[in-house]
Structures are given as structure tokens and as C-alpha cells.
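Notes follow the structure.
Residue numbers (our numbering): 23 to 149.
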């Protein structure tokens with residue numbers, strides 16, 4: 023069965039088998055009270071409609087996903103879980119966030135036409 027491609031605004035809470043095409047930006051979340059212990063990798067996903075959604079990779083899964091990630095690159099994302107956003111740690115206005123699990127696949131793909139828009143050039147400008 024072929025998974026259908028959807029936009030971030032089309033996602034519903036629960037396990038997701040759809041394909042989402044996104045750009046991403048990421049950073050580490052560390053616990054300063056525990057000597058800087060890594061808690062998770064926080065990610066901002068942006069789709070072709072400029073929808074921004076937060077995601078996270080737990081510290082126990084970081085090695086599996088972080089080696090191949092490159093900020094500002096385009097990826098397909100499948101096999102993830104959609105959960106309600108934690109209002110205390112919200113990085114975007116989206117009411118939900120994407121959580122990586124054991125079935126998540128993230129594959130880098132060639133940039134598409136929407137990569138040429140000014141929004142993406144400015145959003146992913148690395149300082």
C-alpha cells in the first residue's frame with residue numbers, strides 16, 4: 023500500500039502512516055539542572071504552505087536520526103506519532119507536535135519548487 027502525502031495542517035492526533043514533505047531546523051534541549059543532560063532534539067518542520075510545526079526526537083533515539091540531518095534540506099517523514107503540543111515548551115503555534123518513534127523514517131530528497139521562495143531562504147538562513 024502506498025502512503026499518501028499530506029500537509030502538516032492535515033495531521034490528526036495518533037499514529038500517522040502518511041508522508042509529509044518538510045524542511046527542518048533543529049537544536050538540542052538540555053536539562054540545566056542535571057549538568058546539561060540531553061533530553062531531546064527539538065525540530066521545527068515547515069511544509070510547502072509555510073506551516074510550522076514542532077517535533078522532537080527523544081535522547082534515546084537521537085543517534086538513529088541525527089547523523090543524516092542537515093538543516094535547510096528537504097525530507098520526507100513517515101511513521102511518526104502526532105501528539106498535543108506541550109504548552110510549556112511550545113516552539114510553534116501549532117496545536118500538535120510530531121514525535122519520532124521506532125517506526126519513523128526520515129529520508130532526504132532533492133529540493134522541490136517551493137524551496138525557491140523567499141520564506142524558505144530567510145527561515146533557514148544560518149547565522
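The beta-carbon is built from N, C-alpha and C at its ideal position, and this holds for glycine as well.
For the beta strand (DSSP E) containing residue i, name the first residue and the last one.
i           : result
residue 66  : 59 to 68
residue 130 : 127 to 131
residue 100 : 96 to 100
residue 38  : 36 to 38
residue 78  : 74 to 80
Less than 9 Å between the beta carbons of residue i and residue j, yes or no?
i           : j          : result
residue 95  : residue 45 : yes
residue 119 : residue 73 : no
residue 42  : residue 98 : yes
residue 47  : residue 63 : no
residue 61  : residue 81 : yes
residue 129 : residue 83 : no
residue 103 : residue 87 : no
residue 70  : residue 29 : yes
Is it right to say residue i is buried, meaning 16 or more other beta carbons lie within 10 angstroms of its own, or is it exposed?
i           : result
residue 126 : buried
residue 27  : exposed
residue 68  : buried
residue 85  : exposed
According to DSSP, what are the bridge partners of residue i?
i           : result
residue 47  : 66
residue 10  : With the chain represented from 23 up to 149, any question about residue 10 goes unanswered, as that position is not in the structure.
residue 118 : 106
Alpha helix (DSSP H) containing residue i: first to last residue?
i          : result
residue 85 : 84 to 88
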